Amino acid sequence: KLGFKKKEERLKDGLEKSRTGLLSKLGKAVIGKDTVDDEVLDDLEEVLITSDVGVATTLKIIRRIEARVKKDKYLNTSELQQILREEIIALLRENDTDKPAEFGAETPAKPHVIMVVGVNGVGKTTTIGKLAWHYRQADKNVLLGAADTFRAAAVNQLTIWSERAGVPIVQQGQNADPAAVAYDTVASAKKRGADVVLIDTAGRLHNKKGLMDELSKIKRVMSKVVPEAPHEVLLVLDASTGQNAMQQAKAFTQAVDITGLALTKLDGTAKGGIVIGISSELNVPVKYIGVGEQAADLQVFDRVSFVNALFD
Ligand code: GDP
6 KLGFKKKEER
16 LKDGLEKSRT
26 GLLSKLGKAV
36 IGKDTVDDEV
46 LDDLEEVLIT
56 SDVGVATTLK
66 IIRRIEARVK
76 KDKYLNTSEL
86 QQILREEIIA
96 LLRENDTDKP
106 AEFGAETPAK
116 PHVIMVVGVN
126 GVGKTTTIGK
136 LAWHYRQADK
146 NVLLGAADTF
156 RAAAVNQLTI
166 WSERAGVPIV
176 QQGQNADPAA
186 VAYDTVASAK
196 KRGADVVLID
206 TAGRLHNKKG
216 LMDELSKIKR
226 VMSKVVPEAP
236 HEVLLVLDAS
246 TGQNAMQQAK
256 AFTQAVDITG
266 LALTKLDGTA
276 KGGIVIGISS
286 ELNVPVKYIG
296 VGEQAADLQV
306 FDRVSFVNAL
316 FD
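Under full-length UniProt numbering, the first residue of the sequence shown is numbered 6, with each subsequent residue one higher.
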């Protein structure tokens with residue numbers, strides 16, 4: 006039960022600020038112009054950069070559009086929007102090799118272990134809670150592991166979400182050994198025949214070596230129970246921090262093998278363009294997006310729906 010609003014509506018509502026920002030800037034860039042000339046391309050470049058798409062990705066998009074303008078000789082500015090959409094979708098496709106399955110689909114492994122990383126405040130606990138809720142709604146057997154033992158609040162918050170989602174949690178309180186919690190969670194999941202395991206971790210970026218050591222220790226002990234675990238290392242980033250999220254992503258990808266991104270808080274920000282740039286620059290797929298505070302506001306990322314919601 007996804008509540009009153011449909012998925013598309015939630016996405017569209019959540020991207021409202023990004024859409025209005027992008028469309029009004031695009032409108033200004035082509036005003037009084039009927040062909041896509043160098044000036045329009047320059048303005049388009051600025052539109053994308055100020056929409057948080059990121060410089061490298063913006064240049065990629067501009068080069069693709071330039072090539073099409075050359076090939077087709079004449080393009081009017083109303084065609085420009087359509088081409089821009091197509092090129093963004095194509096660019097997202099390059100990093101979309103392993104789109105996550107919808108929550109009801111059979112999990113690739115049993116238990117399918119997802120380790121979730123990210124710095125405090127980005128929405129990590131909330132994202133785990135929302136994932137648990139979705140999987141539970143789809144009749145999956147879920148187990149949470151509270152391995153962010155550094156903050157008491159993290160364990161408490163995750164416990165609240167476990168109740169809300171109706172899924173059990175393994176926790177040993179604050180200051181417990183995160184690796185021990187992760188080990189117990191995966192062992193218990195195996196014994197119960199759980200479908201999905203979600204492990205919360207403390208993402209302290211204070212020093213890269215410390216983070217790397219802690220995360221690799223957690224990974225190591227889990228793989229003693231389930232050799233391929235974790236099957237997924239999901240990095241949660243706060244989209245509303247724009248280029249800061251990009252910096253965090255770079256730091257984390259250097260410390261641990263990230264297999265996917267979850268971008269939160271897209272509602273309430275005009276920085277939705279970050280979704281386009283971040284996956285392209287890091288070569289890591291965006292797997293989930295958060296477009297609101299309710300459980301149903303977490304969505305499996307779909308590039309076509311995303312781009313449509315951003316432009317329509
Ligand atoms: P953590 O410290 O990374 O575990 O962050 P939390 O999960 O506690 O989230 C921090 C705040 O962000 C909470 O108030 C959440 O409700 C809020 N939050 C998380 N995801 C979203 C989202 O997609 N949209 C909005 N509007 N708020 C979110």
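Think of the CB as a built atom: it goes at the ideal place given N, C-alpha and C, for glycine as much as any other residue. Being a predicted model, the structure only gives us computed values, none of them experimental.
Query, Result
"Is any heavy atom of the ligand GDP found at a distance shorter than 6 Å from the C-beta of K33?", "no"
"By the three-class DSSP mapping on this structure, what secondary structure does G239 have?", "Per the sequence shown, the amino acid found at residue 239 is Leu instead of Gly. Strand at L239."
"Can D18 be considered in contact with the ligand GDP, in the sense that its beta carbon sits closer than 6 Å to one or more heavy atoms?", "no"
"At a cut of 8 Å, does the stretch 63-81 reach the stretch 107-115 through at least three beta carbon pairs?", "no"
"Kindly provide the ranges of any alpha helix (DSSP H) runs that are 4 or more residues long and lie completely inside the stretch 248-296, ordered along the chain.", "248-260, 279-287"
"Quick check: does the Cβ of D272 come within less than 6 Å of any heavy atom belonging to the ligand GDP?", "yes"
"For Q299, name the three-state secondary structure that DSSP assigns.", "coil"
"Could you spell out the range, first to last residue, of the beta strand (DSSP E) harbouring D43?", "Here D43 belongs to no beta strand (DSSP E); instead the alpha helix (DSSP H) covers 43-55."
"Quick one, which of K12, S221, I174 has its alpha-carbon nearest L148's?", "I174"
"With a CB to CB cut of under 7 Å and the five nearest residues on each side skipped, what residues in its chain are close to L303?", "T132, K135, L136, H139, Y293, G295"
"Taking all protein chains shown into account, do 16 or more other C-beta atoms lie within 10 angstroms of the C-beta of T25, making it buried, or fewer, making it exposed?", "exposed"
"Straight-line CA distance for K222 to V309?", "38 Å"
"Excluding the 5 residues flanking A314 on each side, which residues of the same chain have their C-beta closer than 6 Å to its C-beta?", "L16, K17, L20"
"Nearer than 6 Å: is that true of the beta carbon of K276 relative to any heavy atom of the ligand GDP?", "no"
"Is V127 near the ligand GDP, judged by its Cβ being under 6 Å from some heavy atom?", "yes"
"Using CA atoms only, rank isn't needed, just tell me which of A170, Q179, G150, D144 is closest to A158.", "Q179"
"Counting Cβ pairs, one atom from each stretch, are 3 or more of them under 8 Å apart for the stretch 54-63 and the stretch 75-86?", "no"
"Which of helix, strand or coil does DSSP assign to V191?", "helix"
"Would you call the CB atoms of A244 and T264 closer than 7 Å?", "no"
"Name the DSSP bridge partner or partners of M120?", "I204, V238"
"Answer yes or no: the CB of residue 351 versus the heavy atoms of the ligand GDP, is any distance below 6 Å?", "No answer is possible for residue 351: it lies beyond the span of the chain, which begins at 6 and ends at 317."
"By alpha-carbon positions, which one of E237, Q259, L203 ends up nearest to G215?", "Q259"
"So A194 and A152 are supposed to be a Cβ contact under 8 Å. How far apart are they, rounded?", "Not really, about 13 Å apart at Cβ, beyond 8 Å."
"Within 6 Å: the Cβ of T154 and any heavy atom of the ligand GDP?", "no"
"What's the C-alpha gap between D200 and R209?", "29 Å"
"If you measure from the CB of T246, is any heavy atom of the ligand GDP nearer than 6 Å?", "no"
"Please confirm whether any heavy atom of the ligand GDP lies closer than 6 Å to the CB of T269.", "yes"
"Applying the criterion that 16 or more other CB atoms from any shown protein chain within 10 Å of the CB defines a buried residue, is P232 buried or exposed?", "exposed"
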